[in-house]
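The sequence shown begins at 49 in the working numbering and counts up by one.
Using N, Cα and C, we set each Cβ at its ideal position, and we do this for glycine too.
Source: prediction; values computed, not measured.
Step one of this worksheet: look at the structure below.
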Amino acid sequence: MSMEEKLKLLMENLMNEGRGTVKSALLITNDGLPITYLSSTSEFDAEQLAARIHLLAMDANALSSALGGQAARIDVKKGDGSNLVIAGFSKGYLAVETYPNPNIGLIYLLISKYADAFDSALT
């Protein structure tokens, strides 16, 4: 199985384990480039979204560093009750968009689990 196939399978598993709460997921390099993504609703501009997420993550890390730490995760609560959760790992970022009013604990758990899996798959 190629690396691309492994990454797509991991994305599908993440969305399935989200039990209907994960709307889309995007894997991004440390340089802000999209690696792979999957959406249950429609296509989106992965390059533009990856660049914006990368900038947001860099700003959050800079702010956290100024306060004596490092951002572990960014959770943007949108007006409709959905979330965009971003977590960094050694080879990039995983961003997950939810449907409104998700089980946010489950989302955090999935992000932690799959960030490690993506990290291993990208080796």
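Shown here, LEU111 sits in a helix according to DSSP, grouped into three states. Cβ atoms of THR84 and LEU75 come within 8 Å of each other, at about 5 Å.
About 6 Å separates the beta carbon of PHE166 from that of LEU142, a gap short enough to meet the 8 Å contact definition. In chain order, ALA135, PHE137 and LEU142 place their CB closer than 7 Å to the CB of ALA163, counting only its own chain and leaving out the 5 sequence neighbours on each side.
Residues ALA119 and ILE122 of the same chain have their beta carbon placed closer than 7 Å to that of ALA108, with the five preceding and five following residues left out of the count. Across the structure, PRO150 and MET49 are spaced so that their CA atoms are roughly 33 Å apart.
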